[in-house]
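In our numbering, the protein residues as written are 469 to 818.
Where a beta carbon is used, it is the ideal one built from N, C-alpha and C, also for glycine.
Here is the structure we will look at.
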């Protein structure tokens, strides 16, 4: 049995359908996981799933704009054709995380399903920004190499992707401060402002940080439209089931965006304090799902990626086993990604 079959077979129990609880259409998910289609068509189907999940259960207006962010990568696929899997990866990570949340974390560390929709599906929406930065690099390097080859003096050329005002929410609120406060609640020793400024100065792009800030900005502006006074009471838009209560923003939205912000950071940022499911279950689930989702990831040398049939997942009473029939160095990268950033002694990767 492959991991895709497990994600399908172990998410239904009689009349209870876990996929439905997360806003998924089971036939659509089954076709996405088991159907044999070209990658471009699969990416279109992934976008359709993102649309459906984010619009389920009366959340259409709140999340319709966020689904648009997920479409951007598909639109610029020609610019970097072999790094084009992040929408598909997001859907696979989301499904894997839903399974882990219900089957492994459910006893005492389960994550709210609405939080997981946002974090699981949108954690890589800013990847096109990273692609843009990656494309500029070789062009700048070529100009500088020509200058050196000619032996003439001249300042090095630099192209920088510099976000402006991305961290500025309405009412003078700083997104970086909100995320910093949440990370401190989670006992993570990360200086958010310093990290973000360092990224800009170095001319680097961390798609996790940009994704977290972008999603937070979009939702904040929607709150400004429907609850500009940020009242702590039920506020419903006419004809909609969405509740714009400020408490939802502060708990669900800020938590989801904080988890997105840190999910792509390397082990050095967790040397002082690893992600602990006791205090940070959402950050734990996102980092774990993102690290384990290693199959069917295209690359220049392997356009289809490693098939899902070479991966499997099992959950028992207090343990989880992830099987990966892959080269030892690749398996070790997965192990390191988990063990170096999270407290996860009950998770084995073999």
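{"Asked": "Starting from residue 560, trace the beta strand (DSSP E) in both directions and tell me its first and last residue.", "Found": "Residue 560 -> not in any beta strand (DSSP E); alpha helix (DSSP H) instead, spanning 554 to 571."}
{"Asked": "With a Cβ-Cβ cutoff of 8 Å, do residue 626 and residue 608 count as a contact?", "Found": "yes"}
{"Asked": "Alpha carbons only, please: which of 615, 569 and 651 is nearest the one belonging to residue 581?", "Found": "569"}
{"Asked": "Determine the contact status of residue 840 and residue 668, defining contact as a CB-CB distance below 8 Å.", "Found": "An answer regarding residue 840 cannot be provided, because it is not within the stretch 469 to 818 covered by the chain."}
{"Asked": "For residue 588, tell me which candidate among 603, 557 and 783 has the shortest Cα-Cα distance.", "Found": "557"}
{"Asked": "Shortest alpha-carbon distance to residue 763 belongs to which of 753, 770, 774 and 757?", "Found": "774"}
{"Asked": "Tell me whether residue 627 sits in a helix, a strand or coil according to DSSP, three-state version.", "Found": "coil"}
{"Asked": "Since residue 636 sits in a beta bridge, which residues does DSSP pair it with?", "Found": "642"}
{"Asked": "Where are the beta strand (DSSP E) runs, 3 residues long or more, that stay fully inside the segment 709 to 787, in chain order?", "Found": "779 to 784"}
{"Asked": "How should residue 818 be labelled, buried or exposed, when 16 other C-beta atoms within 10 angstroms of its C-beta is the threshold for buried?", "Found": "exposed"}
{"Asked": "Tell me the residue span of the beta strand (DSSP E) that contains residue 816.", "Found": "815 to 817"}
{"Asked": "What residue range is occupied by the uninterrupted alpha helix (DSSP H) comprising residue 590?", "Found": "581 to 590"}
{"Asked": "Identify, in the order they occur along the chain, each residue of the same chain with its Cβ nearer than 7 Å to the Cβ of residue 611, setting aside the five sequence neighbours on each side.", "Found": "625"}
{"Asked": "Taking the alpha helix (DSSP H) that residue 706 falls in, what are its first and last residues?", "Found": "Taken as a continuous stretch (DSSP letters only), residue 706 belongs to no alpha helix (DSSP H), as it is neither H nor E."}
{"Asked": "Can you list, in chain order, the residues of its chain whose CB lies under 8 Å from that of residue 819, leaving out five sequence neighbours each side?", "Found": "Here the chain has residues from 469 to 818 only, and residue 819 is not among them."}
{"Asked": "Along the alpha helix (DSSP H) that carries residue 495, what are the first and last residues, could you check?", "Found": "494 to 502"}
{"Asked": "Are the beta-carbon atoms of residue 643 and residue 681 separated by less than 8 Å?", "Found": "yes"}
{"Asked": "With H, G and I counted as helix, E and B as strand and the rest as coil, what does DSSP make of residue 480?", "Found": "strand"}
{"Asked": "Can you check the segment 669 to 695 for any alpha helix (DSSP H) of at least 4 residues that lies completely inside it and give the ranges in chain order?", "Found": "675 to 694"}
{"Asked": "Please report the residue range of the alpha helix (DSSP H) in which residue 597 lies.", "Found": "595 to 618"}
{"Asked": "Am I right that residue 520 and residue 493 are in contact with their C-beta atoms under 8 Å? What's the rounded C-beta distance?", "Found": "6 Å"}
{"Asked": "How far does the alpha helix (DSSP H) with residue 488 in it reach, from first residue to last?", "Found": "486 to 489"}
{"Asked": "With DSSP as the reference, label residue 513 as helix, strand or coil.", "Found": "helix"}
{"Asked": "Classify residue 506 as helix, strand or coil using the three-state DSSP reduction.", "Found": "coil"}
{"Asked": "Does the structure place the segment 482 to 490 close enough to the segment 752 to 759 that three or more beta carbon pairs sit under 8 Å?", "Found": "no"}
{"Asked": "Can you have a look at residue 640 and say buried or exposed, based on whether 16 or more other CB atoms are within 10 angstroms of its CB?", "Found": "exposed"}
{"Asked": "Just the C-alpha distance for residue 652 and residue 658, rounded to the nearest angstrom, thanks.", "Found": "8 Å"}
{"Asked": "Nearest to residue 663 by CA position, among 676, 765 and 604, is which residue?", "Found": "676"}
{"Asked": "Can you tell me which of the three DSSP states residue 805 falls into?", "Found": "helix"}
{"Asked": "Could you tell me whether the segment 738 to 745 touches the segment 806 to 818, using the rule of 3 or more Cβ pairs below 8 Å?", "Found": "yes"}
{"Asked": "Can you say whether residue 787 is buried or exposed, counting buried as having 16 or more other CB atoms within 10 angstroms of its CB?", "Found": "exposed"}
{"Asked": "How about residue 761 and residue 637: do their beta carbons lie closer than 8 Å?", "Found": "no"}
{"Asked": "Using three-state DSSP, classify residue 656 as helix, strand or coil.", "Found": "coil"}
{"Asked": "Between residue 793 and residue 778, how many whole angstroms is the CB-CB distance? I'm expecting something under 8 Å.", "Found": "4 Å"}
{"Asked": "With distances taken between CB atoms, is the gap from residue 821 to residue 593 smaller than 8 Å?", "Found": "Since the first residue of the chain shown is 469 and the last is 818, residue 821 is not available in this structure."}
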